[in-house]
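Student: Next up is a structure, given as structure tokens.
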Amino acid sequence: MAIVKKSNININVSLDENRVPEELHWSAEDGGVENQEAKAMMLSVWDAEQKETLKIDLWTKDMPLDDMKMFFHQTLVTMSDSFYRATQDEKMRDTMKDFCEFFADKMDLKK
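Have a look at this one:
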């Protein structure tokens, strides 16, 4: 199948003198996102040749701890949904969701 379109997602990271992120901004033209501020990001890509995940985890130094806990929880929930869409494995999705509930409970995220 021929490639008919290419799309870009851009991430801009502003660092302080110690190379700690001060600001994160991202753009995705096809998604209607232009220079949107973010406080944290996780990016994973699969290296098929090496059979390993390459990743970038960044957060700004002013990211509140409570927000970081919510960010991780929501990322785990999203990963379980993505896993199901990719595999149709309901049993593992449900197991992952159970862990997400456990995580939320231990982090006092449930109100």
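Residue numbering for the sequence shown follows my numbering, beginning at -7 and increasing consecutively.
Note that beta-carbon positions come from the ideal geometry of N, C-alpha and C, so glycine has one too.
Remember, it's a predicted structure, so these values are computed and weren't measured experimentally.
Hey, would you say His118 sits closer than 8 Å to Met34, going by beta carbons?
Tutor: The structure shown has nothing for residue 118, since the chain only spans -7 to 103.
Student: When DSSP labels each residue in this structure, what does Lys53 get in the three-state scheme?
Tutor: As a position in the sequence shown, residue 53 is number 61, starting the count at 1. Coil at Lys53, not helix or strand.
Student: So does the segment 45 to 64 actually touch the segment 15 to 35, counting three or more Cβ pairs closer than 8 Å?
Tutor: Flag = yes, the segment 45 to 64 and the segment 15 to 35 touch.
Student: Going by beta-carbon coordinates alone, are Lys159 and Leu101 separated by less than 8 Å?
Tutor: This structure cannot speak to residue 159, because the chain is shown only from -7 to 103.
Student: If I follow the unbroken alpha helix (DSSP H) through Asp86, where does it start and stop?
Tutor: Sequence index remark: in the sequence shown, residue 86 carries index 94 (1-based). 82 to 98 is the span of the alpha helix (DSSP H), which, as asked, contains Asp86.
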